[in-house]
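Residue numbers 197 to 515, in my numbering, belong to the letters of the sequence shown in order. No residue lacks a Cβ here, since even glycine has one placed at the ideal position from N, Cα and C. Working notes, structure below.
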Amino acid sequence: MKVVYCVKSGSHEDLEVREIETPGEPGEGQVKVDIQARGIQFSDLVQMSGNYQVKRDFPFVVGGEAAGLVTEIGAGVDNVVVGDRVITPGGCVEEVIVRDKSITKIPDGVDFKIAASFRNNYETAYDGLQRANLQAGEILLVHGAAGGVGLAAVDIGKLYEATVIGAASSDEKLAVVEKIGADHTINYNDGFRDQVKELTGGHGADVIYDPVGGDVFDESIRCIAPFGRILIVGFTSGRPALAKTNHLLVKDATVIGYTTGGLRQHRPSKYAQNSSIVMGWLGSGRISPFVSHVLDMDDVIEAYQLLVDRKVVGKVILT
């Protein structure tokens, strides 16, 4: 079967598509899944560079979220049967054997591409906005609003009944952000600090959702509302920000770091509860994951180049 490996610290251009043996039979408590769709994301690129906060040994399989069909089950598995459609860990492989507790059934009516695009983005957005204690009627500023985690935050922010401001780098991207539900949009080329103040009558944003970092974070401190919360979920700009604590002090503001992996590891029951809630929203159609590009797994380098070139809105899927 085909597998995409990152074989050394570098870039997506160094990825290798290899043929390896198909996995054998699943053991006790394990499930074999035939992967139909694979989601990729910006954090994969950081892992390839060797700069991710959690280091991985080379070579490793690229990606992490996927969707497919259960083809075999091991002894003691009672949560799925052969033929079930599931969301699974796995990444850029054709088949995978995983623990039965790590997979989730895909709701009826949701196709594999949407299922593979959904979990990391929407769990990050929901868990993070909970950490920031977003309340109905508050003003939520979403940076990188056209990206995967950004669009998810816009979508879920509206479920919270917040006033959502989405910021992105082009009018084309902002058209999708508005379609997902943003009340206001800001093009970064026009600056955002003064626009946020103008849109909010000088109040500022109560919660700022920041997957970008760098200069965006620096300016965010200048438009946070009194007692506001800045939620850090990444640094796609390539530069982790350094907080100017004097500005935080005079605004009584809080900076919060968040990763879904941390919640899963340290508070697994809370993670499971949140995951169930978000999955219910997917099944009921209350959230709208967006896929802008679908490519074949053989075109994995091209797919990651789309992320590098900032051409992706929502998610890229490999089939």
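Could you have a look at residue i and say whether DSSP puts it in helix, strand or coil?
i	result
residue 383	strand
residue 373	helix
residue 461	helix
residue 141	Coverage of the chain is limited to positions 197 through 515, which leaves residue 141 absent and any answer about it impossible.
residue 214	strand
residue 348	helix
residue 185	No answer is possible for residue 185: it lies beyond the span of the chain, which begins at 197 and ends at 515.
residue 328	coil
residue 439	coil
residue 235	strand
residue 378	coil
residue 481	coil
residue 248	coil
residue 316	helix
residue 498	helix
residue 207	coil
residue 394	helix
residue 353	helix
Kindly identify the DSSP beta-bridge partner or partners of residue i.
i	result
residue 257	201
residue 487	511
residue 364	383
residue 451	426
residue 301	282
residue 228	268 and 293
residue 405	338 and 427
residue 262	234 and 284
Alpha carbons only, please: which of the options is nearest the one belonging to residue i?
i	options	result
residue 408	416, 401 and 402	416
residue 433	340, 282, 319 and 306	340
residue 383	351, 342 and 458	342
residue 422	438, 413 and 449	449
residue 491	266, 485 and 499	499
residue 336	485, 357, 229 and 219	357
residue 370	249, 508, 404 and 209	508
residue 428	471, 272, 250 and 338	338
residue 201	221, 225 and 243	243
Apart from the five residues just before and just after residue i, which ones in its own chain have a Cβ nearer than 6 Å to its Cβ?
i	result
residue 311	263, 283 and 302
residue 443	417
residue 293	219, 222, 226 and 228
residue 399	421
Apart from the five residues just before and just after residue i, which ones in its own chain have a Cβ nearer than 7 Å to its Cβ?
i	result
residue 482	355
residue 351	376, 377, 483 and 484
- Cβ pair count under 8 Å reaching 3, the segment 224 to 240 against the segment 254 to 265: yes
- Task: Evaluate contact between the segment 443 to 454 and the segment 353 to 367, counting only Cβ atoms and requiring at least three cross-stretch pairs below 8 Å.
- Result: no
- Cβ contact check for the segment 300 to 307 and the segment 320 to 337: 3 or more pairs under 8 Å: no
- Task: Determine, using beta-carbon pairs with one atom in the segment 284 to 294 and one in the segment 433 to 449, whether at least three such pairs fall under 8 Å.
- Result: no
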